[in-house]
Structures are given as C-alpha cells and as structure tokens.
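Comments concern the structure below.
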Amino acid sequence: MPLTSTLHLYADSRIAEFDRIEDRRRALLQEMSQVLRADWQAGRTLRLVFICTHNSRRSHIAQLWAAVAADYYDVHPVETWSGGSEATAFNPRAVEALRDAGFSIEGDAAQENPRYQVKFGGDKLLECFSKKYDAPPNPSEQFYAIMTCSEADQACPVVLGSLKRFALTYEDPKEADDTPEEADRYKERVAQIGREILYLFSRIVE
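Numbering follows the UniProt record's numbering, with no gaps: position 124 of the sequence shown is 124.
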C-alpha cells in the first residue's frame with residue numbers, strides 16, 4: 001500500500017542516513033532481521049510487539065515505523081503492536097513529532113488515555129492507545145517482543161507468549177520535557193527510530 005508522499009519522502013531521508021547507525025546497533029538489527037526473515041520467507045505472519053515502561057512514547061513510535069517499513073519494503077503479512085509494563089497515555093509531544101514526520105493522527109488528546117486513529121497511506125488505519133503489553137488487542141502468543149526502553153528491558157526479563165525477545169532500547173525524549181530542547185529531542189527520537197526500523201526491514205528483504 002503506498003505511503004503518503006510526505007511520509008515517503010521522510011522515509012527516503014532516513015534511509016539516506018543508514019550510515020549514521022553505529023556498529024553495535026547495526027549488528028543487533030542484522031541479528032533481528034535474520035530471525036524475522038526466516039519466518040517471513042516461510043510465509044508466517046510477523047507479529048511485532050514493541051514494549052516500553054509506560055507505552056507512551058518510544059513503543060508507539062516504533063510500532064508505527066514498523067508498519068511504515070513493512071509497506072515501504074513490501075514485507076507482508078506484518079502486524080505491529082505496542083504496550084507497556086503499565087498503561088498511561090500516548091504522549092501528545094510524541095504525537096506531534098510523528099505528525100511532523102508525515103503521519104496523519106486524529107484523536108481527543110483531552111481524554112485520560114486517548115485512542116488515536118493513525119493513517120500513513122491508503123486506507124490503512126492503526127488505533128494507538130496506551131495499554132499493558134499483554135492486554136487486548138495485543139497478541140498473547142506467536143509474537144516477537146522488542147523492548148524499546150532499558151527500564152522495561154530490566155523489568156520484563158521474560159515476555160510470556162513471545163517467540164523471542166530483543167532489546168532495541170532508546171533514550172527517553174521525556175528527559176527534555178518542558179525545556180527549550182523539547183521539540184528537537186522528540187523529532188530526533190522519531191528520526192532515529194525510523195532510521196533503524198527501516199534498516200531492519202531493508203535487511204529482511206535483501
């Protein structure tokens with residue numbers, strides 16, 4: 001399914017930055033791609049659950065980039081999900097940074113735990129809201145758990161039902177909340193996660 005032109009251009013820019021991925025992280029992404037490629041080539045659905053502590057920032061960003069990367073590289077069938085070790089809310093700063101990248105996101109931010117409708121191309125729609133990683137509608141088995149923060153990585157040494165668990169952790173943009181660096185930090189994290197998830201999927205199809 002084609003991406004919106006804005007998001008496609010943004011993805012192209014992140015792909016042009018693959019050389020910015022440091023060697024340690026590149027090796028991890030390559031390891032992940034080998035595992036996912038085997039399932040994909042066998043015709044199995046790739047179910048990816050991105051997990052951070054509060055399911056408010058990094059896990060949502062990664063979930064959405066995985067959906068985009070699957071379309072960009074035509075890796076299907078893929079299902080992308082996110083969750084936390086606890087539920088809070090999809091942070092509005094992360095929502096705004098994703099909009100700046102080209103995602104269409106609608107929802108009532110005034111709600112305690114808003115349910116956002118996210119579009120990135122064609123008629124495809126994802127509903128994003130904060131939840132525990134084992135809460136519906138997330139899958140309970142036959143999925144890959146991808147830990148996007150060190151706190152969740154430490155708190156969830158075992159993710160029940162997962163086929164395999166990976167630690168692909170990122171620094172929390174929350175550290176810049178209410179500072180002059182806030183907007184730039186969120187944009188930086190959206191770009192970094194996009195760059196690395198796109199690289200991951202590029203290796204699945206090679």
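For each residue, glycine too, the CB sits at the ideal point set by N, CA and C.
Drop a sphere of 10 angstroms on the beta-carbon of residue i, count the other beta-carbons inside from all chains shown, and report buried for 16 or more, exposed for fewer.
i    : result
Q117 : exposed
N55  : buried
R20  : exposed
L160 : exposed
A70  : buried
Please state whether the Cβ-Cβ distance between residue i and residue j is less than 9 Å.
i    : j    : result
P173 : R189 : yes
F90  : L7   : no
Y144 : S162 : yes
G84  : C128 : no
L168 : L28  : yes
Q142 : R57  : no
A97  : Y10  : no
K132 : E182 : no
Quick one, which of the options has its alpha-carbon nearest residue i's?
i    : options               : result
E79  : W65, E112, P92, E86   : W65
F166 : D177, A152, A38, E175 : A152
V68  : D134, D39, I197       : I197
E206 : V75, P2, A87          : V75
G122 : D134, Y72, A176       : Y72
With a CB to CB cut of under 7 Å and the five nearest residues on each side skipped, what residues in its chain are close to residue i?
i           : result
G107        : P114, R115, Y116, Q117
F103        : L7, L64, V118, F120
residue 225 : Outside the modelled stretch of the chain, which goes from 1 to 206, sits residue 225, for which no answer is possible.
Y199        : F18, I21, L29
Ignore the nearest five residues each way along the sequence and tell me which others in residue i's own chain have a CB closer than 8 Å to its CB.
i    : result
P139 : R47, V49, E79, W81, G161
By Cβ distance, which residues of its chain are closer than 6 Å to residue i, with the 5 residues on each side in sequence left out?
i   : result
S33 : L200, R203, I204
Identify every run of the alpha helix (DSSP H) within the segment 35–81, keeping only runs that are complete inside it and at least 4 residues long; order them along the chain.
58–72
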